[in-house]
Amino acid sequence: MQNDAEDGSHNEFSSDSCGEDSCDSRGELSCGEDACSSQNTKVVIADNGSTDDSLAWLSEHYASQCEVLALDKNYGFAEGYNRAIKAVEAEYVVLLN
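For the sequence shown, this note's numbering gives the first residue as 19, with consecutive numbering after it.
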């Protein structure tokens, strides 16, 4: 990805983002397709202890494009994000909610 500065110079950088699957939200998961298809973005999707088929669906549809982080239980909103952020090694992180 290029960042064009006002002086016309270019900075090459890659960005990382982190998204969290809130518990049992399988119906809302298709929104990650665009994020996962970006070439310069590493996407981590944390499944926060879902009891529906969210984890299986994530693994089937996104495992080749994104890192799917399976949490062993529902850690709640903040801790779920914190665990996902730890899996991203980047200067900047974007949280998708």
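Every residue, glycine too, gets a C-beta built ideally from N, C-alpha and C.
- Within the model, the alpha-carbon separation for Ser82 versus Asn115 is close to 22 Å.
- In the displayed model, Lys60 falls within a strand according to three-state DSSP.
- If you draw a 10 Å sphere on the C-beta of Asp70, you find fewer than 16 other C-beta atoms in it, and that means exposed.
- Straight through space, the alpha carbons of Tyr99 and Val111 are spaced by roughly 11 Å.
- In the DSSP assignment, Glu107 falls outside any alpha helix (DSSP H) and carries neither an H nor an E.
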